[in-house]
Amino acid sequence: MMHIRTIVYLLAGAAVLFSCTSPQSSIPLVVSNPSDLHRKEVVALETSHFSAFLTEKGSENIGVRTKGDSTLLVSQWVDLDQDSVYDELLFVAELKPHSAKAYELVYLEQGTTLQSTPGYSTFSRFVPERTDDYTWENDKVAFRTYGPEAQRMVEEGIPGGTLSSGIDLWLKRVPYPIINKWYAGNDTSPGFYHKDVGEGYDPYHVGTSRGTGGIGIWMEDTLLTSKNFTSYKTLATGPLRTVFELTYAPWGPYKVQETKRISLDLGSNFSRFDISLPTEDTPPNYAIGITLHNNTGDVEILTKEGIFRHWEAIDTSYVGEGIVLDPAYVKEAFVHQSEVPDQSQLLILTSTRNNHLVYYAGFGWTRSKQVHHVGEWDQMLKEQALKIAQPLTVEFK
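Below is the structure:
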């Protein structure tokens with residue numbers, strides 16, 4: 000009897016202890032910067048590292064803050080596979096060179112404001128009112144590319160279409176979103192966004208070129224390319240990152256099945272291209288291109304660093320375009336000059352890894368005040384290459 004009673008007392012004591020123990024209210028983590036750069040960039044936390052915490056607390060009750068600081072950071076949940084389960088939590092980490100900083104995921108009591116509203120954001124959308132562009136932007140830059148209706152119009156001889164899988168640049172010089180405003184203006188006044196009235200404009204010509212960041216296959220002195228995208232998926236848009244996918248009809252003799260996943264982070268001049276490229280047979284290369292327009296700009300090729308730059312005059316200002324990628328992907332790079340319109344291009348011939356190609360494509364415009372001369376653009380490209388080579392790391396404690 001004494002033995003049984005002791006066990007009962009022990010069990011009762013354990014129950015009291017369990018009931019008085021507070022549930023986990025935070026998860027510590029450390030972000031490290033291995034580089035020589037001062038870094039302020041978006042960090043993605045994979046929810047698989049804190050799935051139990053997320054299930055227990057609910058995404059609407061979880062925030063991010065610097066450890067020891069009660070101020071909540073701006074954050075964004077992302078569901079990349081669109082299965083109604085979040086895959087990532089984004090926030091912006093700021094670190095000095097060769098340093099680490101402690102952050103924490105925190106449970107917020109009911110009625111607590113999750114985060115302050117950021118001044119600016121990222122954005123992307125399909126634009127059926129302007130044929131069928133897909134356009135994306137952040138506080139620094141804006142881009143667009145073209146869909147199946149624009150292709151059909153060209154192939155059937157209807158004015159106003161565009162046949163291109165190249166990447167167009169919109170030269171914005173304000174940090175707030177301009178996509179909706181410019182398209183709305185173009186609806187009532189055709190050509191609205193081709194005139195700079197204080198926010199920027201679109202003087203950049205793509206045509207059948209690669210623009211800045213389109214791809215193809217280089218064979219026998221000819222660049223083979225896809226036509227316009229056939230479908231799209233908007234995967235995320237919010238304060239810190241926009242993500243979307245574009246799918247293309249199988250193209251070329253290798254029947255390339257191209258799907259581009261493109262993302263753009265707040266504060267970055269570079270879109271990230273993660274391209275899936277399954278084929279029926281292995282092509283000799285994939286070429287990433289930058290149009291050279293009339294061959295009047297300046298090109299720099301830094302193959303060992305994975306940096307490829309063009310600097311050109313457009314109207315009364317200058318634009319620097321660039322491709323940055325892991326040098327391990329690069330086979331060779333060269334300037335191809337042609338008498339055929341839109342075919343003079345800087346081409347980077349690459350390999351893939353498991354039928355995937357990853358690179359960054361972006362630009363800087365002098366009138367935006369983000370860069371003032373080619374030296375500043377070169378520095379921005381070098382810093383982007385260093386970020387690729389030495390990414391921020393996250394450790395959950």
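Sequential numbering of the sequence shown, starting at 0, is according to numbering that gives the first Met the number 0.
Built from N, CA and C at the ideal position, the CB exists for glycine as well.
Sub-7 angstroms separation of residue i and residue j beta-carbons
i: D167; j: P96; result: no
i: Y359; j: Q342; result: no
i: K226; j: Q150; result: yes
i: S25; j: V105; result: yes
i: P202; j: D314; result: yes
i: E45; j: E87; result: yes
i: G210; j: G165; result: yes
i: T134; j: E148; result: no
i: G288; j: W376; result: no
i: I347; j: A327; result: no
i: V298; j: V334; result: yes
i: E257; j: L276; result: yes
Span separating the alpha-carbon of residue i from that of residue j
i: L162; j: V205; result: 10 angstroms
i: R420; j: L245; result: Coverage of the chain is limited to positions 0 through 396, which leaves residue 420 absent and any answer about it impossible.
i: F272; j: V357; result: 6 angstroms
i: G160; j: S58; result: 43 angstroms
i: L170; j: T121; result: 16 angstroms
i: D280; j: V173; result: 46 angstroms
i: L216; j: K303; result: Residue 216 is actually Ile in this sequence, not Leu. Answer to the nearest angstrom: the Cα atoms are 21 angstroms apart.
i: D466; j: L263; result: For residue 466 there is no data in the structure shown, the boundaries of the chain being 0 and 396.
i: T65; j: E93; result: 10 angstroms
i: V370; j: V42; result: 25 angstroms
i: V153; j: D132; result: 14 angstroms
i: I61; j: V77; result: 14 angstroms
i: I421; j: K56; result: Since the first residue of the chain shown is 0 and the last is 396, residue 421 is not available in this structure.
i: G237; j: Q75; result: 7 angstroms
i: L223; j: A312; result: 28 angstroms
i: K381; j: F52; result: 39 angstroms
i: H355; j: Y247; result: 15 angstroms
i: K386; j: P282; result: 30 angstroms
i: G67; j: V30; result: 15 angstroms
Buried or exposed (CB count within 10 angstroms, at least 16 for buried), residue i
i: S47; result: exposed
i: H309; result: buried
i: T20; result: Unreliable placement is indicated for T20, whose pLDDT of 32 sits below 50; the coordinate value is still reported in the next sentence. So T20 counts as exposed.
i: S350; result: exposed
i: T392; result: exposed
i: Q344; result: buried
i: T144; result: buried
i: K254; result: exposed
i: S208; result: buried
i: K259; result: buried
Residue-level contact to chain C via CB, residue i, 7 angstroms cutoff
i: G305; result: Of the chains in the structure shown, none is chain C; there is only one protein chain.
Measuring CB atoms only, is the stretch 169–187 touching the stretch 265–279, in the sense that at least three cross pairs come out at less than 8 angstroms? no
Could you name each continuous alpha helix (DSSP H) segment of 4 residues or more that falls completely within the stretch 21–71, going from the start of the chain to the end? 50–56
At 3 residues or longer, and completely inside the stretch 298–329: list those beta strand (DSSP E) runs for me, N to C. 306–313 and 316–323
Suppose only complete runs of 3+ residues qualify. What are the beta strand (DSSP E) ranges in the stretch 181–231, listed by chain order? 211–218 and 221–223
Ordered list of beta strand (DSSP E) runs contained in the stretch 74–125, each at least 3 residues: If you keep only unbroken beta strand (DSSP E) runs of at least 3 residues inside the stretch 74–125, you get 74–77, 87–94 and 98–106.
Beta strand (DSSP E) runs contained entirely in the stretch 235–261, provided each spans 3 or more residues: 240–246
Let me know the beta strand (DSSP E) ranges lying completely inside the stretch 324–373, each 3 residues or longer, listed in chain order. 329–335, 344–349 and 355–364
Minimum length 3: unbroken beta strand (DSSP E) runs contained in the stretch 158–184: Counting only unbroken stretches of 3 or more residues, the beta strand (DSSP E) elements lying wholly within the stretch 158–184 are 167–171, in sequence order.
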